[in-house]
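**Student:** In terms of the working numbering, the sequence shown is numbered consecutively and its last residue is 132.
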Amino acid sequence: MGDNATGKVVIQPTDLRASAGIAKSLGEELGTPVQNAVNDSHTVSGQLTGWSIAGGLNQLGTGWSKPLGDLQQRLASTATNLNANAAAHEHNDRAVAGAWATPQQGPK
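#1: Looking at the secondary structure, which residues open and close the alpha helix (DSSP H) in which L95 lies?
#2: Please state if the CB of S101 and the CB of V62 are separated by a distance shorter than 8 Å.
#3: Judging by CA-CA distance, which residue of V68, A29 and L99 is the nearest neighbour of G51?
#4: CA-CA distance, A103 and L54?
#5: Check whether the Cβ atoms of L106 and S49 lie closer than 8 Å to each other.
#6: Between which two residues does the alpha helix (DSSP H) harbouring I35 extend?
#7: As a quick exercise: from D94, W75 and S65, pick the residue whose alpha carbon is nearest that of Q83.
#8: Once the 5 residues before and after N109 are set aside, which same chain residues still bring their CB inside 7 Å of it?
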């Protein structure tokens, strides 16, 4: 998406697809660190049984699991929506180009 010489917003399907790819990659790359952090907090909590912080560490892992999973899903949905938007722009461009390409019938 860019600003052309006339000051109008220009949307390029390739830019939308590139943004979709970034969102998808971020969501995928987030998976392993999130799971490791959740697992580690549960592991450490188990190893610190009897310590006052053990329960807090367990709650930390449990508490962050859902919001971080939701973030991953939101990134995946964003990628899907950006790709759909790119496809819609291409479809509209082809439809408009096709309408102008057909010869117009004169009055009869």
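Built from N, CA and C at the ideal position, the CB exists for glycine as well. Computed from a prediction, not measured in an experiment: that's the story for all the values here.
**Tutor:** Quick answer:
#1: Here residue 95 refers to the residue found at position 71 when the sequence shown is read from its first residue. From DSSP, the alpha helix (DSSP H) with L95 extends over A78 to A125.
#2: The sequence position of residue 62 within the sequence shown is 38, counting from 1. The sequence position of residue 101 within the sequence shown is 77, counting from 1. It is not a contact, given that the beta carbons lie outside the stated cut-off.
#3: In the sequence shown, the residue the question calls residue 51 occupies position 27. Closest by alpha carbon: L99.
#4: On the sequence shown, residue 103 is found 79 positions in, with the first residue counted as 1. On the sequence shown, residue 54 is found 30 positions in, with the first residue counted as 1. Cα to Cα, the separation comes out at about 15 Å.
#5: Start at 1 with the first residue of the sequence shown, and residue 106 comes out as number 82. Start at 1 with the first residue of the sequence shown, and residue 49 comes out as number 25. No, these two residues do not count as a Cβ contact at 8 Å.
#6: Taking the sequence shown and counting its residues from 1, the one referred to as residue 35 is at position 11. For I35, no alpha helix (DSSP H) run applies, since DSSP gives it neither H nor E.
#7: Residue mapping note: residue 83 aligns to position 59 of the sequence shown, counting from 1. Among D94, W75 and S65, the Cα nearest to that of Q83 belongs to S65.
#8: Locating residue 109 in the sequence shown gives position 85, where the first residue counts as 1. Contacts found: L40.
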